[in-house]
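Numbering-wise, the working numbering puts 123 at position 111 of the sequence shown, and it's gapless, one number per residue. The block underneath contains the structure these notes are about, expressed in structure tokens.
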Amino acid sequence: MKLKKITRSGVLYVVPAMLIIALVMLYPLIYTLVMGFFKNTLQMRTPVFAGFSQYFKLFNDEVFIKSIGNTVVWTVGSVFLQFVLGFMVAMLLHQPFVKFKALLRILLMVPWVLPSIIGSSVWKWMYNADYGIINFLLKSLHIIDSNRTWLSNPKTAMAAVIAVNAWKMFPFVLLMIEAALQGVSKDLKEAAIIDGSGKLGIFRNVTWPSIAPACYSVLLLLMIWTLNAFTFVYNLTLGGPAHATEVMAMFIYNKAFTQFDFGMASAASTILFLLSIFVSIFYIRMTKKNEEI
């Protein structure tokens, strides 16, 4: 009886917070899903029901189709670089020969804690064709012979923005992987050494099984965050040049706040939301299959 009373009182404490969360999160979500079926522009006084015609228009829109492809490239490229860079740095910091680890951790966290708008502004200056430090360094090393317009060239713009996104988020990967490495059993490592395992064998049989769950969680979070990322694309290229970096989040912004077509923006937002859910479910199922194997 006492346990039931405690449980009931706990529920009463949680209900107000849950109502606030429902109001803040569920209402906008449901409203967006509903508005995706209505034609609603700035010139219209009241929205007009359009059914699935909004979605048909989207999939006949070349810019939207291109934004889907850009989103795939953006997500895969960003997550790959973020994870590989963060993982490698975490493994390096975990080595006993590395000195000043505390100071290095603080310095490496700077990109992550720095506001995205400030970080992207700094990188925009660094990419500048006339006085940017990137062109200066590459010319000094004789890698390029003339200034490059990194953000204005459709061939290099996406790679340039992906690099900035990787710089921003790799410290998060570093933090999570390093925390997971702290939990690796020293006894298992010592047992592996006694059995004659080398560094590669210890990593494959001891370290990786211990940190794999953390790695899977980090990858899932990175994919969801990158799918919905907007700030770097907006501040660095505005989706240009020639829609070369216009990911789905940027497409939605342009529809809503440049063209003021809120119905189409809602429909595109719904597709992005469903895509995020699909990626999450697919990834979780694949992860479970790998763990079972």
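Even for Gly, the Cβ is constructed at its ideal location relative to N, Cα and C. Small disclaimer: the values here were computed from a predicted structure and weren't measured.
Nearest-angstrom Cβ-Cβ length linking residue i and residue j, presumed shorter than 8 angstroms
i, j, result
"K136", "H255", "Rounded, the Cβ-Cβ distance is 19 angstroms, inconsistent with contact."
"V110", "E258", "Actually they are not in contact, since the Cβ atoms of V110 and E258 sit about 41 angstroms apart, beyond 8 angstroms."
"W162", "A172", "4 angstroms"
"G275", "F50", "5 angstroms"
"L120", "K113", "Contact flag wrong, Cβ pair sits at about 10 angstroms."
Residue i versus residue j: straight-line alpha-carbon distance, rounded
i, j, result
"S209", "E202", "10 angstroms"
"M13", "D199", "Interpretation of M13 is limited by its pLDDT of 45, a score under 50 that renders its predicted location unreliable; the figure taken from the coordinates is listed afterwards. Rounded to the nearest angstrom, the two C-alpha atoms are 45 angstroms apart."
"K300", "M235", "17 angstroms"
"K267", "S229", "33 angstroms"
"A29", "L193", "35 angstroms"
"L15", "P225", "For L15, the predicted model reports a pLDDT of 46, less than 50, meaning its position is unreliable; a value from the coordinates is still stated below. In a straight line, the C-alpha of L15 is about 33 angstroms away from that of P225."
"A169", "G251", "9 angstroms"
"P59", "G48", "11 angstroms"
"V125", "K180", "9 angstroms"
"S292", "A191", "23 angstroms"
"P123", "F61", "45 angstroms"
"G22", "K211", "49 angstroms"
"Y265", "Q107", "45 angstroms"
"E95", "P183", "Looking at the sequence itself, residue 95 is Phe, so the reference to Glu does not match. Those two C-alpha atoms are separated by around 9 angstroms."
"I33", "V26", "11 angstroms"
"M117", "V185", "Contrary to the premise, residue 117 reads as Arg rather than Met in this sequence. When rounded, the distance between both Cα atoms is 12 angstroms."
"I42", "A261", "18 angstroms"
"L287", "V46", "17 angstroms"
"I129", "Y139", "15 angstroms"
"M37", "K167", "38 angstroms"
"I205", "W220", "16 angstroms"
Distance CB(residue i)-CB(residue j) smaller than 9 angstroms
i, j, result
"W86", "A279", "no"
"M103", "I214", "no"
"I174", "G98", "no"
"L239", "T44", "no"
"L232", "I296", "yes"
"L54", "F263", "no"
"S164", "P253", "yes"
"I132", "V91", "Here the sequence assigns Ser to residue 132, which means Ile is not the residue at that position. No, they are not a contact pair."
Three-state secondary structure assigned by DSSP to residue i
i, result
"A114", "helix"
"F64", "coil"
"F109", "coil"
"D73", "coil"
"K51", "strand"
"D157", "coil"
"D273", "strand"
"E202", "helix"
"E190", "helix"
"K136", "helix"
"M262", "helix"
"V196", "coil"
"K180", "helix"
"F242", "coil"
"P123", "helix"
"A254", "coil"
Neighbour flag for residue i against chain B, beta carbons, 9 angstroms
i, result
"R20", "No chain B is part of this structure, which consists of one protein chain only."
Touch check for the stretch 243-250 and the stretch 63-72: three-plus C-beta pairs under 8 angstroms?
-> no
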